[in-house]
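Visitor: In the numbering used here, the protein residues as written are 1408 to 1638. Starting off with a structure, shown below.
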Ligand SMILES: [Mg+2]
């Protein structure tokens, strides 16, 4: 496919997995929380994982999924504090800063649009210091809907005035790309290298990139040609 940057005014970017290494989140919820839960309830880590994974799944595709206050109350543990215990794993993906700089240099409206809760945003922006690149940061908790909900992208217009036909979205969730596609956002990119620990798999539905540097024109022009089948 061909991407011509002169046809794009607004760039919307997801945070976890897209700009930041999802290894932190995967490790936190799948390993660290169960380890602490097992210690509190005097059970094996395996049993704790079975119990917690079922609980987590019950809140998939809702705002509770990313609501740290919800999980602190539900689990009886200080979830933001537990995040700080493993914050050394929070990392920006390679090529992200170059891409953010490219967008700014070329006058694009640049917005971080995330399902993450404000307490997660505080921890991650403090650690990564990427917040200053953006015109603004919108959390799904402000919008009142998760990005998995078809109504999200219309509701987002209350916070960001954007023309879907001239907007690009980068996401590591195909579900969120599907809701954005149904709303009419034109340039959709799936980020396959969402975790430093994963083997990237190309999306069968969306243009796929492993790193954002793929979207920076190499020749100083405005056009990028991406191989069919992703990179
Ligand atoms: Mg994500």
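We treat Cβ as the ideally placed atom computed from N, Cα and C, and that holds for glycine.
Pairing CB atoms from the region 1492-1500 with CB atoms from the region 1424-1441, are three or more of them under 8 Å?
Guide: yes
Visitor: Under 7 Å: does the beta carbon of residue 1627 sit that close to some heavy atom of ligand 1?
Guide: no
Visitor: Identify every run of the alpha helix (DSSP H) within the region 1472-1540, keeping only runs that are complete inside it and at least 4 residues long; order them along the chain.
Guide: Within the region 1472-1540, the complete alpha helix (DSSP H) runs of at least 4 residues are 1475-1482, 1486-1492, 1503-1512, 1525-1535.
Visitor: In the DSSP assignment, what are the bridge partners of residue 1596?
Guide: 1577, 1614
Visitor: Answer yes or no: do residue 1506 and residue 1613 have a C-beta to C-beta separation smaller than 8 Å?
Guide: no
Visitor: Could you tell me if the beta carbon of residue 1578 falls within a distance shorter than 7 Å of some heavy atom in ligand 1?
Guide: yes
Visitor: In whole angstroms, what separates the C-alpha of residue 1559 from that of residue 1552?
Guide: 6 Å
Visitor: Contact defined as beta carbons within less than 8 Å: I believe residue 1528 pairs with residue 1544. What is the distance between those atoms, to the nearest angstrom?
Guide: 7 Å
Visitor: Let me make sure I understand the geometry here. Which of 1420, 1549, 1581 has the alpha-carbon closest to that of residue 1510?
Guide: For residue 1510, the nearest C-alpha among the options comes from 1420.
Visitor: What residue range does the beta strand (DSSP E) around residue 1609 cover?
Guide: Unbroken run through residue 1609: none, as it is neither H nor E.
Visitor: For residue 1550 and residue 1451, what's the separation of their Cα atoms in angstroms?
Guide: 39 Å
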